[in-house]
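Peer 1:
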Amino acid sequence: MALYPRPRSALIPVLHLAQEQDGYLTEDAMVHIGELLDITAAEVYGTASFYDMFFREPVGRHLISICTNVACMINGAYELVDHAEKTLGIKADTTTADGEFTLEEFECLALCDKAPCLTVNWRFFGPVTNQDFDRLVDDLRAGRLADVVPPHGTLCRVRRTVGLPAQVPFPGREGDPMKKPVRDGDGVGAAAGAPAPPVDKRTPGERVAEGQQPAREGAVPQVDESAAQILGPEGTDTGPTAGGSRAGGGT
Amino acid sequence: MAVTEVEPIVTARLGLPESWTLKTYVDNGGYAGLRKALSMSPGAIKDDMLNASLLGRGGAGFDAGKKWSMLAKGQPSYLVVNADESEPCTFKDHMLIEGDPHQLIEGTAICAYANGVTQAFIYVRGEFALGVERLTAAVNEAYDHGALGRDIFGSGFDLDLVVHYGAGAYIVGEETALLESLEGKRGFPRIKPPNFPAVSGLYGCPTVVNNVETLSYLPWIVINGGSSFSRMGEGVSAGTRLFSLSGHVNRPGNYEFEWAKATFRDLIEHPRLGGGVRNGNQLKAIIPGGASSPWFGPDKLDMALQHDVVQKAGSMLGSGSVIVMDHTTCAVRAAWRIVKFFHRESCGQCTPCREGSGWLEKIMIRIEQGSGREEDLELLLDVCDNISPDITWPPKQTTICVLGPSIPPAIATSLNMFRDEYLVHIKEGGCPFD
Numbered sequence: 122m123a124l125y126p127r128p129r130s131a132l133i134p135v136l137h138l139a140q141e142q143d144g145y146l147t148e149d150a151m152v153h154i155g156e157l158l159d160i161t162a163a164e165v166y167g168t169a170s171f172y173d174m175f176f177r178e179p180v181g182r183h184l185i186s187i188c189t190n191v192a193c194m195i196n197g198a199y200e201l202v203d204h205a206e207k208t209l210g211i212k213a214d215t216t217t218a219d220g221e222f223t224l225e226e227f228e229c230l231a232l233c234d235k236a237p238c239l240t241v242n243w244r245f246f247g248p249v250t251n252q253d254f255d256r257l258v259d260d261l262r263a264g265r266l267a268d269v270v271p272p273h274g275t276l277c278r279v280r281r282t283v284g285l286p287a288q289v290p291f292p293g294r295e296g297d298p299m300k301k302p303v304r305d306g307d308g309v310g311a312a313a314g315a316p317a318p319p320v321d322k323r324t325p326g327e328r329v330a331e332g333q334q335p336a337r338e339g340a341v342p343q344v345d346e347s348a349a350q351i352l353g354p355e356g357t358d359t360g361p362t363a364g365g366s367r368a369g370g371g372t
Numbered sequence: 176m177a178v179t180e181v182e183p184i185v186t187a188r189l190g191l192p193e194s195w196t197l198k199t200y201v202d203n204g205g206y207a208g209l210r211k212a213l214s215m216s217p218g219a220i221k222d223d224m225l226n227a228s229l230l231g232r233g234g235a236g237f238d239a240g241k242k243w244s245m246l247a248k249g250q251p252s253y254l255v256v257n258a259d260e261s262e263p264c265t266f267k268d269h270m271l272i273e274g275d276p277h278q279l280i281e282g283t284a285i286c287a288y289a290n291g292v293t294q295a296f297i298y299v300r301g302e303f304a305l306g307v308e309r310l311t312a313a314v315n316e317a318y319d320h321g322a323l324g325r326d327i328f329g330s331g332f333d334l335d336l337v338v339h340y341g342a343g344a345y346i347v348g349e350e351t352a353l354l355e356s357l358e359g360k361r362g363f364p365r366i367k368p369p370n371f372p373a374v375s376g377l378y379g380c381p382t383v384v385n386n387v388e389t390l391s392y393l394p395w396i397v398i399n400g401g402s403s404f405s406r407m408g409e410g411v412s413a414g415t416r417l418f419s420l421s422g423h424v425n426r427p428g429n430y431e432f433e434w435a436k437a438t439f440r441d442l443i444e445h446p447r448l449g450g451g452v453r454n455g456n457q458l459k460a461i462i463p464g465g466a467s468s469p470w471f472g473p474d475k476l477d478m479a480l481q482h483d484v485v486q487k488a489g490s491m492l493g494s495g496s497v498i499v500m501d502h503t504t505c506a507v508r509a510a511w512r513i514v515k516f517f518h519r520e521s522c523g524q525c526t527p528c529r530e531g532s533g534w535l536e537k538i539m540i541r542i543e544q545g546s547g548r549e550e551d552l553e554l555l556l557d558v559c560d561n562i563s564p565d566i567t568w569p570p571k572q573t574t575i576c577v578l579g580p581s582i583p584p585a586i587a588t589s590l591n592m593f594r595d596e597y598l599v600h601i602k603e604g605g606c607p608f609d
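Sequences listed follow chains W and B, in order.
Using the working numbering, the letters of the first sequence map in sequence onto residues 122 to 372.
Using the working numbering, the letters of the second sequence map in sequence onto residues 176 to 609.
1) Does the distance from the CB of residue 165 of chain W to the CB of residue 174 of chain W come in under 8 Å?
2) Compare the C-beta of residue 308 of chain W against all C-beta atoms of chain B and say whether one is closer than 8 Å.
3) According to DSSP, is residue 571 of chain B helix, strand or coil?
4) Looking at the C-beta of residue 234 of chain W, does it have a partner C-beta in chain B at a distance below 8 Å?
5) Using a Cβ-Cβ cut-off of 8 Å, state whether residue 440 of chain B counts as contacting chain W.
6) Anything in the stretch 122-133 of chain W with a Cβ closer than 9 Å to a Cβ of chain B? List those residues in chain order, please.
7) Could you pull the start and end residues of the beta strand (DSSP E) that residue 436 of chain B belongs to?
8) Just how far apart, CA to CA, sit residue 200 of chain W and residue 345 of chain B?
9) Measure how close the beta-carbons of residue 223 of chain W and residue 269 of chain W come, nearest whole angstrom, since I'm counting them as under 8 Å.
10) For residue 569 of chain B, tell me which candidate among B:485, B:262, B:508 and B:529 has the shortest Cα-Cα distance.
11) Look at the alpha carbon of residue 196 of chain B and the alpha carbon of residue 429 of chain B, and state the distance between them as a whole number of angstroms.
12) Note down, in chain order, every chain B residue with its Cβ under 7 Å from the Cβ of residue 210 of chain W.
13) Give the DSSP-derived three-state secondary structure of residue 253 of chain B in the structure shown.
14) Taking 8 Å as the threshold (beta carbon to beta carbon), is residue 245 of chain B in contact with chain W?
15) Would you please verify whether the beta carbon of residue 324 of chain W is less than 8 Å from any beta carbon of chain B?
16) Pick out whichever of W:248, W:226 and W:249 has its Cα sitting closest to the Cα of residue 515 of chain B.
17) For residue 411 of chain B versus residue 230 of chain B, is the C-beta distance shorter than 8 Å?
18) Leaving out five residues before and five after residue 374 of chain B in sequence, what residues of the same chain have Cβ atoms less than 7 Å from its Cβ?
19) For a test of the three-state rule: what should DSSP assign to residue 176 of chain W, helix, strand or coil?
20) Three-state secondary structure (DSSP) at residue 502 of chain B?
21) Are the CB atoms of residue 498 of chain B and residue 443 of chain B within a distance shorter than 8 Å?
22) So, are the CB atoms of residue 290 of chain B and residue 243 of chain B less than 8 Å apart?
23) Helix, strand or coil: how does DSSP classify residue 244 of chain W here?
24) DSSP three-state label for residue 238 of chain B, please.
25) Closer than 8 Å, CB to CB, is residue 166 of chain W near chain B or not?
26) Go ahead and pull the three-state DSSP assignment for residue 429 of chain B.
27) Considering only residues of the same chain and omitting the five flanking positions on each side of residue 505 of chain B, which have a CB-CB separation below 6 Å?
28) Does DSSP classify residue 416 of chain B as helix, strand or coil?
29) For a contact defined as C-beta to C-beta under 7 Å, what are the partners of residue 277 of chain B on chain W?
30) Does residue 185 of chain W come within less than 8 Å of chain B when only Cβ atoms are used?
31) Would you give the residue range spanned by the beta strand (DSSP E) that residue 460 of chain B belongs to?
32) Which whole-angstrom value describes the C-beta separation of residue 209 of chain B and residue 463 of chain B, a residue pair presumed to lie in contact below a C-beta threshold of 8 Å?
33) Kindly indicate if chain D contains any beta-carbon less than 8 Å away from that of residue 231 of chain W.
34) From the DSSP output, in three-state form, read off residue 282 of chain W for me.
35) Compute the distance between the beta-carbons of residue 601 of chain B and residue 542 of chain B, then report whether it is under 8 Å.
36) In angstroms, rounded to a whole number, what distance separates the CA positions of residue 210 of chain W and residue 217 of chain W?
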């Protein structure tokens, strides 16, 4: 939160943390997040429900999202969905009885050179044949891909370790003028008409600590427990068949 | 017209081992552009950007240097990098974020310095989990290297860079929706005017919004000079450009080459690029610039991949994604899938888009599944006309943003090119390709 000029900007990342903790967004978590960010639970829910990646009911440990947009469709994505439904014994947008897999059709995942492609908990695989799919499901079930594919909800396993205090915007020009200023320094800036960034005497480590802990008392959210799990940059080198490693073949 | 031999700019490091690490980046000339930029005045960099004639690579094709010059004065101002790449069949930014995150960070820092911005955000599409992780790790490394944070490389310039990630919504790629989302709200586009980001953007403050690929060119432009960049290409289509090639080609992928010199045929058939249509099949149609763009038939293959040429011919290069469909493709089904996408991704603010996209999808699927009626073809165009009057190009708009007017082109052009195919679906009561 300390990274952002306004706490509400942290809403989507904090919702991801809640989903990382519980696998989906519980009502409790959304109420807590509202308290933490000084917005109503309805505003939290209203925002969360807009975005495809947030689930408000439990999903499987592995969320399989098959892209069916044009490039994948013309390369057999719907046939892959049919096959996946047979392999898993469920229809798209449902979860297996053992809670292992949720299958969904998804819009373009931006791996169109490896069509048809899919993601498992947002880790990319492609191109995927029917045989590849069955092997993938076996591997996931047996836990053989645990270091590549974290549990559903875990988006970023690298935590930020650095940062400067956020630049506070003109309070009078903010999009939501009814909102009371909640950051130190906001009011000062409003009075002076020229909000200088507050002088920061903390060390980077202290600033980061504030970024990962609730800024105010009395609103300890359950979502922040997961922030304790800090991995170094080496934690990033776990990409599956990532599209990014492919260089442009042009001149 | 040919594919010319020029050194790649934004994909230069992508083949290197661990190209996403600081070590590889610095060993290969990384952060030299930022060091040089910090020794120049911000005004000089902005002037050089105007010389470079770098068109924004996000889709709208607006000159980045001009965009910067429109930034209103006043502190604080912000820089937001649009890394919410979701246009169907566009996958270049995905590659750049995962493959060379430091290049993006360096470009972002140069842009921030030139515009007097001290806080920047990179809004990454939430689905790019690996990209978010690599970028976050790269930002941590860049701070330690002195390329971000306080007193960057001893210049006295401060910049804080936040890696922000979304949660799955195509519309957030629209720049004002991006800002709404970054404020922690639903991704509803804002009405322009008055909400031009350069004047009233993030938290109502002046904001620069640039695309990933656009900013990735900056280190090279600062080192080599804007005129070296604009010497490549043709007119406003200056420099090199990344094209995302997908569909029925032998070698789908992202390819960077000199802009405006090659044709669609070069891109699809050149052995180092697309390598031809798969299985030697016949080409049926191409979608030249993302799902929003009007389709082209094989007759346009020898057209130059050039911004204004394609614009004049009634379509656009948009985000630089070219989708190739061979003769086994059902045009009705492809157009239906595009409409389905827009229906799902309409934010719901404006009636023509919210309702129209749903109606169009229902009509399209009924034709595809064999329950269509001949008068449906006129009905399709009528609904399209309500979303974008006269179905012209560039499209007219009845909605807040351009998502609505992006729906009709696929239907209108496929119907125009393949009317017989639509009629066969209706007369035979099913899809002839099934």
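Just so it is clear, CB atoms sit at the ideal spot from N, CA and C, and this is done for glycine as well.
Peer 2: On the basis of the supplied data:
1) Residue mapping note: residue 165 of chain W aligns to position 44 of the first sequence, counting from 1. Residue mapping note: residue 174 of chain W aligns to position 53 of the first sequence, counting from 1. Cβ distance not < 8 Å, so residue 165 of chain W and residue 174 of chain W don't count as in contact.
2) Sequence index remark: in the first sequence, residue 308 of chain W carries index 187 (1-based). Caution applies to residue 308 of chain W, whose pLDDT of 36 falls short of 50 and renders its modelled position unreliable; the model cannot decide the point.
3) Here residue 571 of chain B refers to the residue found at position 396 when the second sequence is read from its first residue. Coil, per DSSP.
4) As a working note, residue 234 of chain W is residue 113 in the first sequence. Cβ-Cβ to chain B under 8 Å: yes for residue 234 of chain W.
5) By one-based count along the second sequence, residue 440 of chain B stands at place 265. Output row for residue 440 of chain B: interface = no.
6) 124, 125, 126, 127, 128, 129, 130, 131, 132 and 133
7) Against the second sequence, residue 436 of chain B aligns to sequence position 261. No beta strand (DSSP E) contains residue 436 of chain B, which DSSP labels as neither H nor E.
8) Position 79 of the first sequence, counted from the first residue, corresponds to residue 200 of chain W. Position 170 of the second sequence, counted from the first residue, corresponds to residue 345 of chain B. The alpha-carbon atoms of residue 200 of chain W and residue 345 of chain B are separated by roughly 25 Å.
9) Along the first sequence, read from residue 1 onward, the residue named residue 223 of chain W stands at position 102. Along the first sequence, read from residue 1 onward, the residue named residue 269 of chain W stands at position 148. About 18 Å; that fails the 8 Å criterion.
10) Position 394 of the second sequence, counting from 1, holds the residue named residue 569 of chain B. The option with the nearest alpha carbon to residue 569 of chain B is B:485.
11) Walking along the second sequence from the start, residue 196 of chain B turns up at place 21. Walking along the second sequence from the start, residue 429 of chain B turns up at place 254. Those two C-alpha atoms are separated by around 21 Å.
12) Residue mapping note: residue 210 of chain W aligns to position 89 of the first sequence, counting from 1. Correct list: empty, because the minimum Cβ distance to chain B is about 25 Å.
13) Within the second sequence, numbered from 1, the residue matching residue 253 of chain B stands at position 78. In this structure, residue 253 of chain B counts as strand in the three-state DSSP scheme.
14) Here residue 245 of chain B is taken as the residue at index 70 of the second sequence, counted from 1. Output row for residue 245 of chain B: interface = no.
15) To locate residue 324 of chain W, count along the first sequence from 1; it is residue 203. For residue 324 of chain W, the pLDDT reaches just 44, beneath the cut-off of 50, and the residue's location in the model is therefore unreliable, leaving the point undetermined.
16) Residue numbering aside, residue 515 of chain B sits at position 340 when the second sequence is read from its first letter. The shortest C-alpha separation from residue 515 of chain B is found at W:226.
17) As a working note, residue 411 of chain B is residue 236 in the second sequence. As a working note, residue 230 of chain B is residue 55 in the second sequence. Going by C-beta atoms, residue 411 of chain B is nearer than 8 Å to residue 230 of chain B.
18) Along the second sequence, one-based indexing puts residue 374 of chain B at 199. If we look at residue 374 of chain B and ignore the five residues flanking it on each side, its Cβ neighbours are 247 and 381.
19) Residue 176 of chain W sits at position 55 when you count from the first residue of the first sequence. Note: residue 176 of chain W maps to coil in three-state DSSP.
20) Against the second sequence, residue 502 of chain B aligns to sequence position 327. Residue 502 of chain B falls in the coil class under three-state DSSP.
21) Locating residue 443 of chain B in the second sequence gives position 268, counting from the first residue. Locating residue 498 of chain B in the second sequence gives position 323, counting from the first residue. It is not a contact, given that the beta carbons lie outside the stated cut-off.
22) For the purposes of this step, residue 290 of chain B is identified with residue 115 of the second sequence, where counting begins at 1. For the purposes of this step, residue 243 of chain B is identified with residue 68 of the second sequence, where counting begins at 1. For residue 290 of chain B and residue 243 of chain B, yes; Cβs fall inside 8 Å.
23) Taking the first sequence and counting its residues from 1, one reaches residue 244 of chain W at position 123. Strand, per DSSP.
24) If you number the second sequence from 1, residue 238 of chain B lands on position 63. Three-state DSSP puts residue 238 of chain B in a strand.
25) Translated into the one-based positions of the first sequence, residue 166 of chain W becomes position 45. For residue 166 of chain W, the answer is no, since every Cβ of chain B falls outside 8 Å of its Cβ.
26) In the second sequence, counting from the first residue as 1, residue 429 of chain B sits at position 254. Three-state result, residue 429 of chain B: strand.
27) Position 330 of the second sequence, counting from 1, holds the residue named residue 505 of chain B. Here the set comprises 606 and 608.
28) Taking the first residue of the second sequence as 1, we reach residue 416 of chain B at position 241. Reduced to three states, the DSSP call for residue 416 of chain B is strand.
29) What you label residue 277 of chain B is simply residue 102 of the second sequence in a count that begins at 1. None at all; the shortest Cβ gap to chain W is about 12 Å.
30) Reading the first sequence from its first residue, position 64 is the one you call residue 185 of chain W. False, the Cβ-Cβ gap to chain B never drops below 8 Å.
31) Within the second sequence, the letter at position 285 stands for residue 460 of chain B. Run containing residue 460 of chain B: 458-462, per the beta strand (DSSP E) assignment.
32) What you label residue 209 of chain B is simply residue 34 of the second sequence in a count that begins at 1. What you label residue 463 of chain B is simply residue 288 of the second sequence in a count that begins at 1. Contact flag wrong, Cβ pair sits at about 35 Å.
33) No chain D appears in this structure, whose protein chains are W and B.
34) Counting from one through the first sequence, the residue named residue 282 of chain W turns up at place 161. Residue state, collapsed to three classes: coil.
35) The residue given as residue 601 of chain B occupies position 426 in the second sequence. The residue given as residue 542 of chain B occupies position 367 in the second sequence. Yes, the pair counts as a contact, with Cβ atoms nearer than the cut-off.
36) As a first step, residue 210 of chain W must be located in the first sequence, where it is residue number 89. As a first step, residue 217 of chain W must be located in the first sequence, where it is residue number 96. So the alpha carbons of these two residues sit roughly 7 Å apart.
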